[in-house]
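Chemist: Take a look at the following structure, please.
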Amino acid sequence: MSEAATVPQNTNAAWELPSRGIVGMACLIVAESAIFIIFIVAYLYYLGRSLNGPTPSVLELPIFTSICLLSSSATVHFAVSALHHGKRSLCSLLLATTVLLGGTFLAGTALEWYKLITVDHLTIQTNLFGTTYYSLVGLHATHVIIGLFMLSLALFFSLTGSLTSKHIGRLEVLSLYWHFVDAIWVVVFTVVYVLGR
Amino acid sequence: MATQAPVTAEIAQTAPRRLVLEVLHDWVTTVDHKKIGLMYIGYALIFLVIAGFEALLMRVQLAIPNNHFVSPQVFNQLFTMHGTTMVFFVGMPILFGFGNYLIPLMIGARDMAFPRLNAFSFWISAFGGLLLYFSYLGGSGLYGAGGAPDIGWWAYAPLALKAFSPGHSSDYWTLSILLSGIGTIGTALNIVATTICMRCPGMKLSRMPLLVWLYLVMSCLVFVTISPLTAAQIMLMLDRYVGSHFFDTQAGGSAVLWMHFFWIFGHPEVYVLVLPAFAFANEIIPVFSRKAIFGYPAMVAASVGIGFISLSVWAHHMFTIGMTSGANTFFVLATMAISVPTGIKIFNWLATLWGGKIHFTAAMMFAIGFLFQFLIAGLTGIMLSVAPFDWQLGGSYFVVAHFHYVLVGAILFMLFSAFYYWYPKMSGRMLSEKLGKWHFWIFLIGFHLTFDFMHIPGLEGMPRRIYTYEADRGWMLWNIIVSSGAIFQTIGTLLFVYNMVWSYFKGPVAGPDPWDAWTLEWSTASPPPAYNFAVTPAVASRRPLWDLKHPDDPDSHYE
Amino acid sequence: MTRQIWSGIDAQVPSGLGSGSTSIFSPAGTPAHSIFGLSMLVLSITGAIFIVVGGLLLYALLRYRHRAGDANALQEPPQIYGSNQIELSWTVIPILIVVMLFLATARIILATQDAPKPANALDVTVIGHQFWWEYRYPKLGIVTANELHIPVSEAKHPTPTYLTMSSADTDHSFWVPRLAGKMDLIPNRVNTMWLDPEAPGLYLGQCAQYCGTQHAKMLLRVYADTPAQFAAWAAHQQQPAVEDSSAAEGRNVFQHTACISCHAVAGTVATGTFGPDLTHVASRDTIASGAVPLTQANLRAFVDNPAQFKPGALMPAMHLNDHDLDAVTAYLLTLK
Numbered sequence: 000m001s002e003a004a005t006v007p008q009n010t011n012a013a014w015e016l017p018s019r020g021i022v023g024m025a026c027l028i029v030a031e032s033a034i035f036i037i038f039i040v041a042y043l044y045y046l047g048r049s050l051n052g053p054t055p056s057v058l059e060l061p062i063f064t065s066i067c068l069l070s071s072s073a074t075v076h077f078a079v080s081a082l083h084h085g086k087r088s089l090c091s092l093l094l095a096t097t098v099l100l101g102g103t104f105l106a107g108t109a110l111e112w113y114k115l116i117t118v119d120h121l122t123i124q125t126n127l128f129g130t131t132y133y134s135l136v137g138l139h140a141t142h143v144i145i146g147l148f149m150l151s152l153a154l155f156f157s158l159t160g161s162l163t164s165k166h167i168g169r170l171e172v173l174s175l176y177w178h179f180v181d182a183i184w185v186v187v188f189t190v191v192y193v194l195g196r
Numbered sequence: 000m001a002t003q004a005p006v007t008a009e010i011a012q013t014a015p016r017r018l019v020l021e022v023l024h025d026w027v028t029t030v031d032h033k034k035i036g037l038m039y040i041g042y043a044l045i046f047l048v049i050a051g052f053e054a055l056l057m058r059v060q061l062a063i064p065n066n067h068f069v070s071p072q073v074f075n076q077l078f079t080m081h082g083t084t085m086v087f088f089v090g091m092p093i094l095f096g097f098g099n100y101l102i103p104l105m106i107g108a109r110d111m112a113f114p115r116l117n118a119f120s121f122w123i124s125a126f127g128g129l130l131l132y133f134s135y136l137g138g139s140g141l142y143g144a145g146g147a148p149d150i151g152w153w154a155y156a157p158l159a160l161k162a163f164s165p166g167h168s169s170d171y172w173t174l175s176i177l178l179s180g181i182g183t184i185g186t187a188l189n190i191v192a193t194t195i196c197m198r199c200p201g202m203k204l205s206r207m208p209l210l211v212w213l214y215l216v217m218s219c220l221v222f223v224t225i226s227p228l229t230a231a232q233i234m235l236m237l238d239r240y241v242g243s244h245f246f247d248t249q250a251g252g253s254a255v256l257w258m259h260f261f262w263i264f265g266h267p268e269v270y271v272l273v274l275p276a277f278a279f280a281n282e283i284i285p286v287f288s289r290k291a292i293f294g295y296p297a298m299v300a301a302s303v304g305i306g307f308i309s310l311s312v313w314a315h316h317m318f319t320i321g322m323t324s325g326a327n328t329f330f331v332l333a334t335m336a337i338s339v340p341t342g343i344k345i346f347n348w349l350a351t352l353w354g355g356k357i358h359f360t361a362a363m364m365f366a367i368g369f370l371f372q373f374l375i376a377g378l379t380g381i382m383l384s385v386a387p388f389d390w391q392l393g394g395s396y397f398v399v400a401h402f403h404y405v406l407v408g409a410i411l412f413m414l415f416s417a418f419y420y421w422y423p424k425m426s427g428r429m430l431s432e433k434l435g436k437w438h439f440w441i442f443l444i445g446f447h448l449t450f451d452f453m454h455i456p457g458l459e460g461m462p463r464r465i466y467t468y469e470a471d472r473g474w475m476l477w478n479i480i481v482s483s484g485a486i487f488q489t490i491g492t493l494l495f496v497y498n499m500v501w502s503y504f505k506g507p508v509a510g511p512d513p514w515d516a517w518t519l520e521w522s523t524a525s526p527p528p529a530y531n532f533a534v535t536p537a538v539a540s541r542r543p544l545w546d547l548k549h550p551d552d553p554d555s556h557y558e
Numbered sequence: 000m001t002r003q004i005w006s007g008i009d010a011q012v013p014s015g016l017g018s019g020s021t022s023i024f025s026p027a028g029t030p031a032h033s034i035f036g037l038s039m040l041v042l043s044i045t046g047a048i049f050i051v052v053g054g055l056l057l058y059a060l061l062r063y064r065h066r067a068g069d070a071n072a073l074q075e076p077p078q079i080y081g082s083n084q085i086e087l088s089w090t091v092i093p094i095l096i097v098v099m100l101f102l103a104t105a106r107i108i109l110a111t112q113d114a115p116k117p118a119n120a121l122d123v124t125v126i127g128h129q130f131w132w133e134y135r136y137p138k139l140g141i142v143t144a145n146e147l148h149i150p151v152s153e154a155k156h157p158t159p160t161y162l163t164m165s166s167a168d169t170d171h172s173f174w175v176p177r178l179a180g181k182m183d184l185i186p187n188r189v190n191t192m193w194l195d196p197e198a199p200g201l202y203l204g205q206c207a208q209y210c211g212t213q214h215a216k217m218l219l220r221v222y223a224d225t226p227a228q229f230a231a232w233a234a235h236q237q238q239p240a241v242e243d244s245s246a247a248e249g250r251n252v253f254q255h256t257a258c259i260s261c262h263a264v265a266g267t268v269a270t271g272t273f274g275p276d277l278t279h280v281a282s283r284d285t286i287a288s289g290a291v292p293l294t295q296a297n298l299r300a301f302v303d304n305p306a307q308f309k310p311g312a313l314m315p316a317m318h319l320n321d322h323d324l325d326a327v328t329a330y331l332l333t334l335k
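Residue numbers (numbering that gives the first Met the number 0), protein chains in the order written: chain A, 0 to 196; chain R, 0 to 558; chain V, 0 to 335.
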């Protein structure tokens with residue numbers, strides 16, 4: 000055949016497929032969840048097997064910081080719906096609150112680690128508990144940092160007036176990531192601070 | 000459109016020749032899925048030659064007992080680099096390269112969902128490969144014992160920890176794979192998003208070409224396969240550099256935990272590698288049998304089933320580590336279970352051939368080689384799934400023969416087939432059929448000499464990963480035969496490379512549809528223009544071009 | 000290269016060191032026998048599947064090939080999209096085969112792994128090292144290395160040997176194919192297996208889990224002794240080291256250099272545990288974990304520089320002068 004066969008074009012029927020950004024972020028969430036699951040498995044497997052050194056009893060329930068982090072999911076959700084309704088300054092305010100709440104969580108984690116290191120003498124090198132605790136909570140904190148960076152960028156664009164209704168999809172994708180970070184914290188909190196202690 | 004080919008030909012004739020630097024810049028900065036696909040493929044072929052050379056050196060060393068061709072240290076580096084390169088820098092890139100090139104074309108899309116992520120994924124994976132090979136130059140360590148990694152491609156703990164692998168050679172292994180893993184997850188994400196969100200109108204999921212289905216399943220598998228490896232790599236790095244104790248047996252850590260994490264990656268990984276081979280078979284075998292694939296829904300179900308079951312079989316790589324009888328029994332059952340959907344696929348291919356009109360082109364011959372060899376590989380896999388039999392055969396050359404039967408006999412053969420089939424689309428020229436047949440027969444002889452006879456030393460007690468063996472074991476004859484096959488495979492591969500280069504310049508012009516095939520990529524020019532389709536197509540069945548060529552008997556009547 | 004091939008074929012195997020067969024198809028112990036039986040079942044099933052499916056494939060290729068001369072060569076063949084009955088049957092039949100194979104396999108797993116331990120079993124502790132094997136007989140008070148002596152086990156009164164295994168460093172694997180399947184030696188983990196050789200003789204094997212540079216030369220030699228032979232061997236091993244006055248000079252060199260920091264010789268100041276126990280080293284047939292036969296020349300060369308036979312072995316070259324080297328070698332040869 001010397002010519003390409005011509006395939007007919009679509010003329011009428013509506014052909015709606017899911018948004019690329021949401022599907023892409025869902026895939027990323029699945030992959031990242033798998034990474035976290037492995038660290039959680041390591042944590043659970045090594046519970047009670049440290050040969051010496053501090054045990055999970057040195058941990059204190061991080062209630063306040065957890066409330067901050069989980070509320071930040073609500074604020075970012077409302078930030079997206081504010082943008083939906085064209086309320087740009089409300090969106091900026093809510094994004095700023097999200098960043099603040101997330102930052103508080105990080106600061107709280109830093110204080111907690113300071114106490115564990117200087118008072119309880121627990122580091123990643125100390126024993127199996129130190130190894131698995133710092134790596135799991137640290138991995139989560141890293142994801143929080145990345146999320147805060149992206150949220151700050153969004154906040155910056157919102158404050159300079161560059162964030163418009165065209166960007167609702169992208170902000171939704173970012174908020175999906177942030178919800179994932181919070182969901183992971185729910186699991187980590189339960190495994191480390193509730194079940195493990 | 001009807002005038003598409005002549006217009007582009009005119010433009011090509013009058014366009015000025017571009018500077019080398021311009022061409023280079025174009026390729027380095029491209030986000031076009033076709034160019035990225037070709038870069039993945041070219042990159043993988045270079046590493047195929049390098050890793051093949053490493054294998055050649057090993058086979059020379061092992062041809063006779065107590066040989067001194069290479070030192071034990073060098074041999075241990077060779078098998079580590081050969082395995083690591085072949086899995087991560089040949090297998091993954093070449094299969095993702097084909098996927099990248101073909102998927103948007105087959106679903107009537109203009110490009111992948113995230114073109115810049117696509118380019119980033121390629122470049123970070125490419126960097127990973129270069130980093131691994133830099134270890135030959137850059138790695139250092141105690142008593143000059145650095146250089147390339149020598150911990151085996153599974154890097155079992157505690158051998159991989161600082162205490163037993165001082166210096167940096169193991170770090171090159173860890174980091175290069177970590178980086179290429181990021182690229183792999185990126186490309187898999189792209190494939191899933193493209194497949195779900197960018198199909199042309201009318202192409203419901205149940206009308207996608209099976210190749211696209213298989214890449215979709217494979218990409219979903221990647222998310223839960225590569226991530227455990229990434230996690231384990233991070234843990235290994237922490238152990239080696241920050242003093243953590245994930246796998247430190249002195250501190251109460253567990254060597255077995257590394258094995259679990261590695262094989263939770265390692266087993267589904269082999270399905271990540273083999274599903275694209277199935278994908279190619281699903282497109283090529285029907286076209287050269289002149290029949291639709293038999294049992295499309297069952298093929299989809301079997302592929303998804305294989306994906307799911309593959310997540311539950313990993314510890315069949317650990318039958319000898321002393322798991323309880325209950326655990327061993329579970330993994331025996333899960334592994335045997337996966338043979339059911341896999342068998343279904345073989346039977347469906349058989350049924351596609353049955354009653355057809357089989358054309359023995361080079362592409363088809365490689366596909367037929369795949370069918371027989373994958374059957375055998377699957378059967379030796381069933382043998383290994385019988386745990387007590389594995390207590391003898393595990394860790395021996397029988398296993399090495401089995402997995403090379405899958406990787407070379409099934410996957411590489413199907414890759415060769417894919418090359419002969421899609422090269423015309425990618426380059427606009429046909430590969431020489433005559434050279435192709437020489438390639439096939441020479442490579443076939445080499446493959447069987449090496450990998451059929453390799454089973455025997457395993458049955459006679461020869462373990463793997465040994466740089467030499469005792470003269471009184473009776474293994475020498477088999478090792479000589481195995482080594483001799485490598486020469487034929489080398490010649491065959493060189494013929495293939497020559498064919499590709501020669502045909503690019505001198506091969507007959509292919510036209511858009513040289514094979515009289517039925518999926519969308521054959522409806523556009525060869526090679527396709529940058530935008531793929533001038534107008535987004537719409538489809539009403541699984542074989543849109545069949546419907547056009549047979550308006551009296553379209554597929555849409557039967558689906 | 001050709002000369003090497005011929006000399007490989009004429010390999011010098013000193014008499015009494017075994018025929019070299021390590022085939023899984025010549026079992027000489029109960030675990031190996033039951034695996035052999037199961038393997039025959041598996042091979043027949045897979046062989047049958049290969050013949051049937053491969054045969055059908057071959058037939059299809061021949062019967063349905065496109066012949067250009069055919070009347071309807073240019074026509075497409077009838078398009079068959081599937082068949083529920085056929086697809087169902089080739090789903091159900093494989094499932095039945097899998098169930099059958101699984102049950103046969105589960106039976107052997109339970110019989111081998113969960114076999115109850117008889118009261119008269121011999122206990123041996125096996126510790127894997129880079130690149131040698133440590134054997135301890137806790138109830139007999141014996142410590143030795145690299146050559147494992149166990150009693151033959153008769154069917155009427157079985158006297159199996161139970162191995163309790165772990166590793167001092169990296170992963171290893173104990174594989175003597177004619178006696179049993181392999182079992183890994185993993186640090187911080189205890190595995191067990193049992194052997195019951197049915198006939199006296201030497202059974203060979205080697206480490207089957209990559210453990211580092213000299214993995215290939217971590218060879219296994221299992222001597223199945225008759226009850227009388229085993230009793231004599233054990234009694235001898237329980238003695239402290241032979242004190243031969245003619246080797247006093249060598250003993251002196253040995254005890255005043257770094258040798259004693261790694262090696263033990265019972266009844267002397269040497270109590271090192273990093274390397275093989277040398278109390279009765281001269282009673283063994285080989286050195287360096289089976290790598291070379293025990294001769295004066297080999298022993299001297301090994302002590303001088305282990306890398307001659309095992310490059311990458313953890314024992315460093317001792318850098319003794321010729322005189323001391325001769326003396327130490329003579330001393331070691333008296334440690335029968």
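For each residue, glycine too, the CB sits at the ideal point set by N, CA and C.
So which residues of chain V does residue 468 of chain R contact, with C-beta pairs closer than 9 Å?
Modeler: 205, 215, listed in chain order.
Chemist: Classify residue 180 of chain A as buried or exposed, calling it buried when 16 or more other Cβ atoms lie within 10 Å of its own Cβ.
Modeler: Buried: at least 16 other Cβ atoms inside 10 Å.
Chemist: Does any residue of chain A bring its CB to less than 7 Å from the CB of residue 229 of chain R?
Modeler: Taking Cβ atoms only, chain A reaches closer than 7 Å to residue 229 of chain R, which makes this a yes.
Chemist: Strictly under 7 Å for the Cβ-Cβ distance: is residue 341 of chain R near chain V by that measure?
Modeler: Taking Cβ atoms only, chain V never reaches closer than 7 Å to residue 341 of chain R, which makes this a no.
Chemist: Helix, strand or coil for residue 469 of chain R, going by three-state DSSP, please let me know.
Modeler: Residue 469 of chain R: coil per DSSP, three-state reduction.
Chemist: For residue 141 of chain R, count the other beta carbons within 10 Å of its own beta carbon; 16 or more makes it buried, fewer makes it exposed. Which is it?
Modeler: Note that residue 141 of chain R scores 48 on pLDDT, short of 50, meaning its location in the model is unreliable and no value can be drawn from it.
Chemist: Taking 7 Å as the threshold (beta carbon to beta carbon), is residue 188 of chain R in contact with chain A?
Modeler: Residue 188 of chain R counts as touching chain A.
Chemist: When we look at the beta-carbon of residue 25 of chain R and count the other beta-carbons within 10 Å, is it buried (16 or more) or exposed?
Modeler: Counting Cβ neighbours within 10 Å, residue 25 of chain R comes out exposed, since fewer than 16 surround it.
Chemist: Could you check the C-alpha separation between residue 53 of chain R and residue 46 of chain R for me, to the nearest Å?
Modeler: The straight-line gap from Cα to Cα measures roughly 10 Å.
Chemist: Considering residue 222 of chain R, what are the terminal residues of the alpha helix (DSSP H) in which it resides?
Modeler: Counting along the chain, the alpha helix (DSSP H) containing residue 222 of chain R begins and ends at 209-240.
Chemist: Considering only their Cβ atoms, is the gap separating residue 193 of chain R from residue 93 of chain R smaller than 7 Å?
Modeler: No, the pair does not count as a contact, with Cβ atoms beyond the cut-off.
Chemist: Does the Cβ-Cβ distance between residue 127 of chain V and residue 166 of chain V come in under 7 Å?
Modeler: Contact flag set, yes.
Chemist: For residue 289 of chain V, which residues of its own chain have a beta-carbon under 6 Å away from its beta-carbon, when the five flanking residues on both sides are left out?
Modeler: If we look at residue 289 of chain V and ignore the five residues flanking it on each side, its Cβ neighbours are 218, 220.
Chemist: Let me make sure I understand the geometry here. Which of A/130, A/141, A/168 has the alpha-carbon closest to that of residue 79 of chain A?
Modeler: Considering only alpha carbons, the answer is A/168.
Chemist: At the level of alpha carbons, what is the spacing between residue 134 of chain R and residue 127 of chain R?
Modeler: Whole-angstrom Cα-Cα distance: 11 Å.
Chemist: Give me the Cα-Cα distance between residue 533 of chain R and residue 541 of chain R, rounded to the nearest whole angstrom.
Modeler: Between residue 533 of chain R and residue 541 of chain R, the C-alpha separation is close to 21 Å.
Chemist: Under 8 Å: do the stretch 474-486 of chain R and the stretch 445-463 of chain R share three or more Cβ pairs, one atom per stretch?
Modeler: Contact holds: three or more Cβ-Cβ distances are below 8 Å.
Chemist: Taking a contact to mean a Cβ-Cβ separation below 7 Å, would you say residue 207 of chain V touches residue 465 of chain R in this structure?
Modeler: No, the pair does not count as a contact, with Cβ atoms beyond the cut-off.
Chemist: Taking only beta-carbon atoms, is residue 122 of chain V less than 7 Å away from chain R?
Modeler: Output row for residue 122 of chain V: interface = no.
Chemist: Is there a C-beta anywhere in chain R that falls below 7 Å from the one on residue 209 of chain V?
Modeler: Interface residue, yes.
Chemist: Which first and last residues belong to the beta strand (DSSP E) in which residue 300 of chain V is found?
Modeler: Residue 300 of chain V -> not in any beta strand (DSSP E); alpha helix (DSSP H) instead, spanning 295-303.
Chemist: Strictly under 7 Å for the Cβ-Cβ distance: is residue 23 of chain V near chain R by that measure?
Modeler: Closer than 7 Å: yes.
Chemist: DSSP three-state call for residue 126 of chain V: helix, strand or coil?
Modeler: Strand at residue 126 of chain V.
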